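Asker: Residue numbers (my numbering), protein chains in the order written: chain B, 21 to 815; chain C, 63 to 223; chain X, 775 to 1066.
Ideal placement from N, C-alpha and C gives every residue a C-beta, glycine not left out.
All of these numbers come straight from a predicted model, not from anything done at the bench.
Please see the structure below; I have some questions.
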Ligand SMILES: Cc1cc2nc3c(=O)[nH]c(=O)nc-3n(C[C@H](O)[C@H](O)[C@H](O)COP(=O)(O)OP(=O)(O)OC[C@H]3O[C@@H](n4cnc5c(N)ncnc54)[C@H](O)[C@@H]3O)c2cc1C
Ligand code: FES
Ligand code: FES
């Protein structure tokens, strides 16, 4: 008997693996082309007659343009054109709308407003010639004073950066509030203790290993515009291209081929795309533009740059009763944040985090500076990262001031598992969660109590060791469409599923993978729902002619929205299959049962028709009055966001002599609801923890007083290698999303959102007994050294 | 000028400007696009190739420097349709996400285990520290290289037995 | 990013290289591993008319011991110093420094001589050569010169080398006596140049006292710095904690750092001190453990 059960179990496990449904760590279907070096990225696109474009950029952060001279460049054999803003202006293309309802210069005409701004484009037969010629384009500038911080920008009398804008008399962009001011004031009035924190989340950059670029191919005869571009949102980009360039949308085809990472950097539309497209139209030949790394770092979508200060009101029992946060955002020269249009600071108001804080008030102000535009969510859902960082740092400060272990402070204030769905003070409805549960798993994995003992012993010897805690909650998976849109386009997403007569399927999606493994994960959803093995499901994305309209992949929305669309469309086909099965069985539809790819009549479980049988019948033996085929499309508008969460714990050791921080351990317990492919989920978490580590310790875009960008190449914009990167220990809990068809929440970004505070809290935990309460990221050794020396600690 | 060298076992003779970078020669002139470009300052390793068996950054080599040398690119890994152990390792251990760093990582990994068939995790991390991966956090790249090392070891034992 | 156009030649004989250099003067650039020159060409910070690749000249590579010297061919790759494990016990500082230079791929191409000639104030070999008292053999069509490392580095990317000269060899004296050394480098990540680094090389006399000490500092001045006052205070002394601390203090004072994104001048100076202090302890321990 026992043997039989084991054998049966083994057989069923083998069947489960072969099917590759939800929960199976299926090796990725897309790997084959990449391991053969056959991935197809934009720079791999070569078209007959293709020209190459190089952008001439401003060396100044702020200057008036007096003249642009291109004759020397034009004189080089092989140069086809030098495009300037003046030329674009003749076609009404010198300016374009941004994703946040502002305008942005495509090529500067009046002034340059940040170092690296696009001034002219050289188009030539080869890249070498284009670069040679770009050196010869000279521009006369009259330098103006540069504004490099939002504090300078909003100070009275500051030079106005956007003087071309009607009615713009200062550098303020927006003022935005969320929550309830009166209720929050009342809470602070009765607080037993108020703990405050002022901190800066510096500018960093998603910097995918592949930069941005495009190949624009406009056919002057047919009017067809095929644009290969690095796009995380090809459908939205097609529509925006139609609007910006005035091209008929039915003629535009955006193809986003394999992407070498995105992390938010490939959400906006950049001037290079627009100029290459216009140039291809004017010249009648394909034009390729590929950024170099400096182009990418100095001009495309940066992230963060938020100055945050705030306080938590605490009652006599150590309970949080109110939260105030003030935010000053540096948006650069054009307000080009990629975010839902209603929310000027993205979803920053999730700042109450994992804590039951009955009153909150958030005030946000945005300012123009002479820095690159395009605040994108670097592996983050619209500014959730900044919010999570702030609250997790503030809770750390609260614990220090209360004289509590930071774990205790958190446990005392968590939203409790039975409180879900939970309505937050700033207006979100959290779908599900079990914060103490994730915390407990993490503490056990780490051996928290032992490490606290070790820390005490070390401290007695004058050695510095710290344990950092962060218990983040994210909000991902936008929309619903009524509340969340990008440039007016509602944030739903789509899936089109066709089962072929032989029972194999093709799934087409409106989202777009940048390495997240969609071709595998989404096939697994179909396998789960329809019982067609994942290996038989081909997934297509990125070509607007051949996929249904969707808003794309960012803000961890593919699984919550595109994944839901996939499950729903599969269920539609399953139901149609029941009709066909009833016909084949000559039974009543109501009597047909479906499980794991097999249909049977109730009561006769052994007489089955497989989904493959049904698919064949859909094309060969369909009942009268039913449309042939087994195909459907779903546009899924989610009823709510999903709220992944987790607890991250970090142990650091600090070298007193040099200020160097060594991350000894990093335990990450994530709850992203149901995990479709656990291996891929873990891969996403590893990547996010590494980017979080980079942000916490080394990634930085900064500027000198003249507005020169520091961090403009990989010598200065530091990305961790395998050597610095900690070895991660992952754990999980599973709290399904109640409103998602398969209970999944999205995980692409949790680790970047949650981990920076854990790393920083660990450093502060090592130093707080010395009276050190904050060090802004990136935590570099010189900052730690300075903090130590300021307290008289030396080697 | 004319440069003659061997790439993935085939001899090539090309006419190039001396300033041509090897990465561009491979991608544009030879049409092998598996070798990528991720930076301009020799920091990322997306352009890694093997030069006489040692991994180097092909964006930091001039085409004429190839004269008489042997180059291996990712396209040369699978011999006669059979995947190299390193390719198998990357697939089995989920050692790649976007795939952009992958050709370089696999070549470095292959050279590493050829020189040191039983590397420790530290040795692997040190060995791949000239290559940036923005996606994977390196955990699974380490495993992928270990996987390949184990497979090679198993094959060698099988060969002896 | 591509270099501006140039001519290229890779002579098979040193004489040919030397005559090309005397012919083209400042218009010519020697190419060794290319790991500094090619990035500069790509950024168009350098735009020579002709690049003379010394990659085909015989006899410029390898690490050998001869006549009381360790002789390193100028074109020896960083990687090949890294694996010259028989230097352990004699020139620990070289073995410790080599793996900390840039990253494994750059080390497969970059050369010791190229690094020394390039004279980046943050280049690691400069400090090492100062610590071990190296001499550089340089040749031109007119003959050969032997230049001591001390005094060779004149400023950022400037040395005593003339534009028609090629460095062919680095000679490091290895005398009697037990020696030990080490290299400590503060870098922000692998592949980064040093924020601060210190090279330390100590030779003990038969009496257990410090016979000579060499200390080189990296990235804390316009060029690699030899901390002569610190060296002097150690010479002939018992290796006590107090002497070491004093030497470290003097080494910190010898540093002339500038504040930048990596930290304040005070920070760098203090790290130089800390590194020299730690480095001396390690070097002396190693020397005490070493066979004479
Ligand atoms: C990303 C990156 C990181 C790096 N990190 C470090 C680091 O941490 N520490 C460090 O020390 N270095 C570092 N380097 C530099 C590297 O070590 C170079 O290899 C070295 O500086 C130059 O050696 P090369 O053989 O490549 O010289 P090349 O680039 O070929 O030449 C450099 C200069 O020296 C001249 N030259 C070369 N050889 C001779 C010769 N024999 N005689 C006369 N002149 C000659 C050339 O004309 C040229 O001006 C790094 C480089 C890169 C790209
Ligand atoms: S492309 Fe980045 S190192 Fe070569
Ligand atoms: S897999 Fe994307 S950079 Fe490594």
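DSSP beta-bridge partners for residue 824 (chain X)?
Answerer: Looking at the DSSP assignment, residue 824 (chain X) forms a beta bridge with X:781 and X:802.
Asker: At a Cβ cut of 8 Å, what residues of the segment 107-140 of chain C count as close to chain B, listed as they run along the chain?
Answerer: If the cut-off is 8 Å between Cβ atoms, the segment 107-140 of chain C has 108, 135, 136, 137, 139 and 140 near chain B.
Asker: Are residue 666 (chain B) and residue 631 (chain B) closer than 8 Å when you measure CB to CB?
Answerer: It is not a contact, given that the beta carbons lie outside the stated cut-off.
Asker: In this structure, how does DSSP classify residue 235 (chain B) when only helix, strand and coil are distinguished?
Answerer: DSSP places residue 235 (chain B) in strand when its eight states are reduced to three.
Asker: For residue 1024 (chain X), collect the residues of the same chain with a Cβ closer than 8 Å to its Cβ; drop the 5 residues on either side in sequence, then sort them by chain order.
Answerer: For residue 1024 (chain X), where only same-chain residues beyond five positions count, the Cβ hits under 8 Å are 1001, 1003, 1004 and 1007.
Asker: According to the Cβ coordinates, are residue 791 (chain X) and residue 825 (chain X) closer than 8 Å?
Answerer: No; because the gap between Cβ atoms is not below 8 Å, this pair is not in contact.
Asker: Taking only beta carbons into account, state which residues of the segment 1012-1045 of chain X come closer than 8 Å to chain C, listed in chain order.
Answerer: Per Cβ criterion, the list is empty.
Asker: Under 8 Å between beta-carbons, which chain X residues line up against residue 730 (chain B)? List them in chain order, please.
Answerer: Going along chain X in sequence order, the residues near residue 730 (chain B) (Cβ under 8 Å) are 1035.
Asker: Quick check: does the Cβ of residue 279 (chain B) come within less than 7 Å of any heavy atom belonging to ligand 3?
Answerer: No, the Cβ of residue 279 (chain B) stays beyond 7 Å of every heavy atom of ligand 3.
Asker: Jot down the residue ranges of each uninterrupted alpha helix (DSSP H) in the segment 266-327 of chain B, minimum 4 residues, whole runs only, in chain order.
Answerer: Segments of the alpha helix (DSSP H) lying fully in the segment 266-327 of chain B: 291-303 and 313-319.
Asker: Straight-line CA distance for residue 887 (chain X) to residue 849 (chain X)?
Answerer: About 6 Å.
Asker: Please write down, chain order preserved, every residue whose beta carbon lies under 6 Å from a heavy atom of ligand 2.
Answerer: Every residue passing the under-6 Å Cβ criterion appears here: C:99, C:100, C:101, C:104, C:105, C:106, C:107, C:108, C:109, C:119 and C:121.
Asker: Quick check: what's the CA-CA separation for residue 881 (chain X) versus residue 107 (chain C)?
Answerer: Their Cα atoms are separated by approximately 13 Å.
Asker: Flag residue 37 (chain C) as yes if its beta-carbon sits less than 8 Å from any beta-carbon of chain B, otherwise no.
Answerer: Residue 37 (chain C) lies beyond the stretch modelled for chain C, which goes from 63 to 223, so this question has no answer here.
Asker: Between residue 455 (chain B) and residue 440 (chain B), which are expected to be in contact by the criterion C-beta below 8 Å, what is the C-beta distance as a whole number of angstroms?
Answerer: So it is not a contact: roughly 10 Å between Cβ atoms.
Asker: Is the beta carbon of residue 748 (chain B) within less than 7 Å of some heavy atom of ligand 3?
Answerer: No, the Cβ of residue 748 (chain B) stays beyond 7 Å of every heavy atom of ligand 3.
Asker: Cα-Cα, which of B:515, B:770, B:712 and B:682 is closest to residue 10 (chain B)?
Answerer: Since the displayed chain B opens at 21 and closes at 815, residue 10 (chain B) lies outside it and no answer follows.
Asker: Does the pairing of the segment 363-370 of chain B with the segment 300-313 of chain B give three or more beta-carbon distances under 8 Å?
Answerer: Short answer: they don't touch.
Asker: Would you call residue 180 (chain C) buried or exposed, if buried means 16 or more other Cβ atoms sit within 10 Å of its Cβ?
Answerer: With fewer than 16 Cβ atoms within 10 Å of its Cβ, residue 180 (chain C) is classed as exposed.
Asker: Quick check: the Cα distance between residue 303 (chain B) and residue 148 (chain B), rounded to an integer number of angstroms?
Answerer: Distance between the alpha carbons of residue 303 (chain B) and residue 148 (chain B): 20 Å.
Asker: Put residue 132 (chain B) into one of helix, strand or coil per three-state DSSP.
Answerer: Reduced to three states, the DSSP call for residue 132 (chain B) is strand.
Asker: For residue 699 (chain B), which three-state DSSP category applies?
Answerer: In the structure shown, residue 699 (chain B) sits in a helix (DSSP, three-state: H, G or I).
Asker: For chain X, find out if any of its Cβ atoms is closer than 8 Å to the Cβ of residue 11 (chain B); answer yes or no.
Answerer: Past the edges of chain B, shown from 21 to 815, lies residue 11 (chain B), and the structure says nothing about it.
Asker: If you measure from the CB of residue 729 (chain B), is any heavy atom of ligand 3 nearer than 7 Å?
Answerer: For ligand 3, not one heavy atom lies less than 7 Å from the Cβ of residue 729 (chain B).
Asker: What's the C-alpha gap between residue 238 (chain B) and residue 462 (chain B)?
Answerer: Each residue's Cα considered, the two are about 55 Å apart.
Asker: Buried or exposed for residue 241 (chain B), going by 16 or more other Cβ atoms inside 10 Å?
Answerer: Looking at its Cβ environment, which holds fewer than 16 other Cβ atoms inside 10 Å, residue 241 (chain B) is exposed.
Asker: Does DSSP classify residue 888 (chain X) as helix, strand or coil?
Answerer: Helix at residue 888 (chain X).
Asker: With respect to 7 Å, is the separation between the Cβ of residue 475 (chain B) and the closest non-hydrogen atom of ligand 4 below this value?
Answerer: The ligand content of the structure shown is limited to ligand 1, ligand 2 and ligand 3, which means ligand 4 is not among them.
Asker: CB residue 974 (chain X) to CB residue 995 (chain X), shorter than 8 Å?
Answerer: The answer is no: Cβ separation not under 8 Å.
Asker: Run the proximity test for residue 869 (chain B): is its beta-carbon closer than 7 Å to any non-hydrogen atom belonging to ligand 1?
Answerer: Beyond the ends of chain B as shown, which are 21 and 815, falls residue 869 (chain B); an answer cannot be given.
Asker: How is residue 167 (chain C) classed by DSSP in three states: helix, strand or coil?
Answerer: Three-state result, residue 167 (chain C): helix.
Asker: For residue 741 (chain B), return the contacting residues in chain X, with the cut-off set at a CB-CB distance below 8 Å.
Answerer: Result: 877, 963, 964 and 965.
Asker: Less than 7 Å separating the Cβ of residue 809 (chain X) from some heavy atom of ligand 1?
Answerer: Yes, ligand 1 has a heavy atom inside 7 Å of this Cβ.
Asker: What do you reckon, is the C-beta of residue 852 (chain X) under 7 Å from a heavy atom of ligand 1?
Answerer: Yes; taking the cut-off as 7 Å, the Cβ of residue 852 (chain X) has a heavy atom of ligand 1 nearer than that.
Asker: Over the uninterrupted beta strand (DSSP E) stretch that includes residue 67 (chain C), give me the two end residues.
Answerer: Looking at the DSSP string, the run of the beta strand (DSSP E) that includes residue 67 (chain C) is 64-69.
Asker: For the candidate residues B:761, B:101 and B:537, whose alpha-carbon lies nearest to that of residue 295 (chain B)?
Answerer: With distances taken between Cα atoms, residue 295 (chain B) lies closest to B:101.
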